[in-house]
Ligand code: PRX
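Residue numbers (full-length UniProt numbering): 1 to 660.
In structure tokens form, the structure reads like this:
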């Protein structure tokens, strides 16, 4: 198989890893998911999904579970009607749980707020009334560019309540990245804050919105929550949240929408410079988000305190902070800030404070905790933790074991959950009371899900074999397309194995001898930096948009903490000046990428080179650049148009490594 990306630390040890950890008898006995779930799904997949959909409240029942006649555009629960926000909020109040805390919100500076389901219902209703008063209605697009504060969740649910689509843009993205996303889906409203807390200090956020919408004619209003009390410039289209929302009625009657009514767009990186607006709809998405959250995390709404550390700017925040958990009547922690503010034990202090029992995070953070040292979690009482989750990238066995020992008390099962923005919800993961877990393996498709590892011809590889991960059956929370680009949707996911009708996930994977799946990282030009998807092309376009750069090639090199780190090779323009390759100029290039995309896309290292290695057809050979970036012996150069290029690169390297 052609594995074009470096695979990060996940592969250390992988071939020798053979430890397994069966669930304890006590855990298995009380688990939501029992072994029969697999049998049930296998016996009748559609009946199985219908049963999962019945966990929700439908105003009108569906007449058909799945319509796949227009593949690859699925329709699930055809003819059914529901309101997603009603399912996440109102029905819990109506069933007598209005006083249960939905959200224990913890602000970075130490402020906190407990929000009950009754209060959540009032807040979401007020926000829905406010949005409606600004002319937002069904199918309108609303951009949400906010830190992790309760109003961000109210805003998402208010959109869902009105049938409007939210497009949440991560608060760490730049004004430019925000602008392209707002314009691509013609957002009518932008919801933001004056500023946000990061590492103990307030930073302005609204100026990025001002810049992004300056020439965006689609945007009618900007709704601004006051979070940091920063000075802000005020424009005609701006409205303060506290002035508009607080005065609204706290009553709002939700309307039922078609099961296939669009719920949200979420942009993610593809292999070109233009991000893809992944489209999700209502009934199928909520069914699978809710089902997976209930079974994979074993949620008991009466007793558990759940915490997913993701940001709502990513799909994990959508499916496992907002829709899955709230549909299951969770009590959850939402934390605004960074994990080392004001100290490196902040997460464990929060676990202890709220008695968190289910904790879901990313391998990059686990590796960071490892670096900070086991003595830090050891200072806190973490005995409430009973299920741990991992998501976003392959988890290396060392990190997995460290997590189990130092966070999970040597006993909490770890669920390594594989899924994507496109899949909407978890697809591959052990069920914690059923499957004996293995450090570093996501193991098997959940009941109701079809996934396989296949070779180039689309034939399933045998136990012990490696290849590409495909999904061979439509699933309820699958994307319904890319906003405004049907062709790209067909091309990206469905053309590679068109004969078989498989969805191509873009990940390499292998089976072990038991047939369990081990994910091996991306096989396309998408990097995974701290669990965030960034395309090499996007960073290259940002670099060449700088006046000193003639050409750029970017690769993901393995990185001990972040999984992959971004390494750029640039050729400077003639006349760029003698200082163009100096430390200040390299810093300027890194800052330029941060401005174009966001700080998460800043290259870890920029190397100025005289040439780039290309094939005769002009394609950059990233494999060779990765060898350089990872300090390896450079591999086979026979297909290079000019085989002396690699010598030139090695001889002329000027390294611009920097740590921030
Ligand atoms: O490469 C896989 C990796 O993250 C990609 C999806 O990224 P995104 O859409 O941003 O969603 C991340 C959160 C769901 C996948 O194609 N990935 C995600 N989870 C895992 C993973 N790789 C290995 N193991 C996982 N558990």
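Ideal Cβ positions, reconstructed from N, Cα and C, are used throughout, including at glycine.
This one's a predicted model, so the numbers in the text were calculated from it and none came from an experiment.
Backbone CA spacing between residue 654 and residue 581 [nearest angstrom]: With a pLDDT of 43 at residue 654, under the threshold of 50, the modelled position of that residue is not reliable, and the figure given next carries that caveat. If you take the alpha carbons of residue 654 and residue 581, they lie about 7 Å apart.
Is there at least one non-hydrogen atom of ligand 1 closer than 7 Å to the beta-carbon of residue 292? No, the Cβ of residue 292 stays beyond 7 Å of every heavy atom of ligand 1.
In this structure, does DSSP put residue 285 in helix, strand or coil? Residue state, collapsed to three classes: helix.
Specify whether the stretch 200-219 and the stretch 343-350 touch according to this definition: at least 3 beta carbon pairs, one from each stretch, less than 8 Å apart. No, the stretch 200-219 does not touch the stretch 343-350.
Short Cβ contact (8 Å threshold) for residue 73 with residue 480: Result yes, Cβ atoms of residue 73 and residue 480 sit closer than 8 Å.
DSSP state of residue 18, grouped into three classes? In the structure shown, residue 18 sits in coil (DSSP, three-state: anything other than H, G, I, E or B).
Buried or exposed (CB count within 10 angstroms, at least 16 for buried), residue 258: Under this definition residue 258 is a buried residue.
Measuring from the CB of residue 533, is there a heavy atom of ligand 1 at a distance below 7 Å? Residue 533 Cβ: within cutoff of ligand 1.
Are the CB atoms of residue 130 and residue 248 nearer to each other than 8 Å? Taking a C-beta distance under 8 Å as the contact criterion, residue 130 and residue 248 qualify as a contact pair.
Using 10 angstroms around the beta-carbon of residue 643, count the other beta-carbons present and answer buried if the total reaches 16, otherwise exposed. So residue 643 counts as exposed.
Going by C-alpha to C-alpha distance, which of 496, 365, 413 and 186 sits closest to residue 385? Per the Cα distances, 413.
Simplified DSSP state of residue 3, which is helix, strand or coil: Its pLDDT being 37, under 50, residue 3 is placed unreliably in this model, and the coordinates cannot settle the point.
Taking Cβ to Cβ, would you say residue 417 is nearer than 8 Å to residue 399? No, the pair does not count as a contact, with Cβ atoms beyond the cut-off.
In whole angstroms, give me the CA-to-CA distance for residue 621 and residue 279. Near 33 Å, if we compare the C-alpha coordinates of residue 279 and residue 621.
Using only the alpha-carbon positions, how far apart do residue 220 and residue 186 sit? Linking residue 220 to residue 186 through their CA atoms gives a straight-line distance of about 10 Å.
What are the boundary residues of the alpha helix (DSSP H) that residue 590 is part of? Looking at the DSSP string, the run of the alpha helix (DSSP H) that includes residue 590 is 583-596.
My output table needs one value for residue 728: the three-state DSSP class, helix, strand or coil. A query on residue 728 cannot be resolved here, the shown segment of the chain reaching from 1 to 660 and no further.
Apply the 10 Å Cβ neighbour rule to residue 104 and answer buried if 16 or more other Cβ atoms are within range, or exposed otherwise. Buried is the call here.
For residue 553, the residue or residues it bridges with in DSSP: Here residue 553 is bridged, per DSSP, to 569.
Under the rule that 16 or more other beta-carbon atoms within 10 Å means buried, what is residue 242, buried or exposed? Residue 242 is exposed by the Cβ-count criterion.
Which of helix, strand or coil does DSSP assign to residue 227? Here residue 227 carries a coil assignment [DSSP, helix/strand/coil].
Every unbroken beta strand (DSSP E) within the stretch 299-338, with a cutoff of 3 residues, ordered by chain: Qualifying beta strand (DSSP E) stretches, in chain order: 306-308 and 332-335.
For residue 176 and residue 593, what's the separation of their Cα atoms in angstroms? C-alpha separation (whole angstroms): 11 Å.
Cβ of residue 67 within 8 Å of Cβ of residue 81? The answer is no: Cβ separation not under 8 Å.
Please report the residue range of the beta strand (DSSP E) in which residue 53 lies. No beta strand (DSSP E) holds residue 53; the alpha helix (DSSP H) holding it covers 45-53.
Taking its Cβ as the centre, do 16 or more other Cβ atoms sit within 10 Å of residue 558, making it buried, or is it exposed? By the neighbour-count rule (16 or more Cβ atoms within 10 Å), residue 558 is buried.
Among 291, 368 and 520, whose alpha-carbon lies nearest the alpha-carbon of residue 465? Check the Cα spacing between residue 465 and each of 291, 368 and 520: the tightest is with 520.
Provide the residue span of the alpha helix (DSSP H) that contains residue 242, from first to last. It spans 241-244 - the alpha helix (DSSP H) in which residue 242 sits, taken as one unbroken run.
Among 471, 454 and 540, the one whose alpha carbon lies nearest that of residue 510: With distances taken between Cα atoms, residue 510 lies closest to 454.
Considering only heavy atoms of ligand 1, does any lie closer than 7 Å to the CB of residue 416? True, at least one ligand heavy atom lies under 7 Å from that Cβ.
Quick check for students: name the residue ranges of the beta strand (DSSP E) that lie wholly in the stretch 406-452, counting only runs of 3 or more. Counting only runs of 3 or more, we get 414-417.
Take residue 467 and list the residues in its own chain whose beta-carbon comes closer than 6 Å to its own, dropping the five residues that flank it on each side. Answer for residue 467: 1, 453, 454, 455 and 461, listed in chain order.
Local Cβ density within 10 Å of residue 245, reported as buried at 16 or more and exposed below that: Buried, by the Cβ-count rule.
Look up residue 656 in the DSSP assignment and say whether it is helix, strand or coil. With a pLDDT of only 44 at residue 656, under the threshold of 50, the placement of this residue in the model should not be trusted; the figure read from the coordinates follows. In this structure, residue 656 counts as coil in the three-state DSSP scheme.
Which word fits residue 641, buried or exposed, when buried means at least 16 other C-beta atoms lie within 10 angstroms of its C-beta? Classified as exposed, residue 641 has fewer than 16 neighbouring CB atoms from the shown chains inside 10 Å of its CB.
Measuring from the CB of residue 439, is there a heavy atom of ligand 1 at a distance below 7 Å? Flag unset: Cβ of residue 439 not near ligand 1.
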